[in-house]
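Report on the structure given below.
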Ligand SMILES: [Fe+2]
Ligand SMILES: [Fe+2]
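Residue numbers (the working numbering): 18 to 146.
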């Protein structure tokens with residue numbers, strides 16, 4: 018079952034579409050991490066997650082730039098912090114260290130917090146026109 022629920026919706030259709038995709042990937046990642054013994058599956062899920070994050074964040078920032086969003090500098094910083102966490106987890110996995118479900122879950126929670134606290138205000142800004 019997907020973690021996607023209406024509380025994560027920003028109300029902006031294109032942002033929500035990307036977030037929905039991201040949440041589905043996080044769900045797959047969590048399932049892989051919970052599997053424990055399927056290392057290749059977890060590595061693949063981590064790579065997919067990283068690729069999506071690395072494509073979603075810049076696309077959001079471009080949209081913010083295009084719309085003259087005043088919160089962009091702070092938002093960029095938040096994306097940079099999350100990106101570092103994602104890349105660190107991928108590197109940990111690549112180095113052969115087991116990535117734990119709790120670490121994946123922590124990262125997922127940080128991402129959901131970002132959607133709620135940082136992405137929603139941008140959608141509100143967009144809705145005001
Ligand atoms: Fe964001
Ligand atoms: Fe986002």
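Think of the CB as a built atom: it goes at the ideal place given N, C-alpha and C, for glycine as much as any other residue. These figures come from a predicted structure and were not determined experimentally.
Pop quiz: residue i and residue j are said to be a contact at Cβ under 8 Å. What is the actual Cβ separation, rounded to whole angstroms?
i           : j           : result
residue 40  : residue 59  : Contact flag wrong, Cβ pair sits at about 18 Å.
residue 140 : residue 28  : 5 Å
residue 135 : residue 63  : At roughly 23 Å, the Cβ-Cβ gap does not stay under 8 Å, so residue 135 and residue 63 are not in contact.
residue 104 : residue 124 : Rounded, the Cβ-Cβ distance is 11 Å, inconsistent with contact.
residue 42  : residue 66  : 5 Å
residue 69  : residue 38  : 7 Å
residue 143 : residue 84  : 6 Å
residue 215 : residue 100 : With the chain covering only 18 through 146, there is no way to say anything about residue 215.
With DSSP as the reference, label residue i as helix, strand or coil.
i           : result
residue 20  : coil
residue 140 : helix
residue 187 : No answer is possible for residue 187: it lies beyond the span of the chain, which begins at 18 and ends at 146.
residue 37  : helix
residue 45  : helix
residue 146 : coil
Apart from the five residues just before and just after residue i, which ones in its own chain have a Cβ nearer than 7 Å to its Cβ?
i          : result
residue 51 : 118
residue 46 : 62, 63, 66, 121
Can you find the residues in the same chain that come closer than 8 Å, C-beta to C-beta, to residue i, ignoring five residues on each side of it along the sequence?
i           : result
residue 132 : 25, 27, 36
Alpha helix (DSSP H) runs contained entirely in the segment 66-133, provided each spans 4 or more residues | 89-111, 118-131
If you pair each beta-carbon of the segment 88-103 with each one of the segment 69-78, do three or more pairs fall below 8 Å?
-> yes
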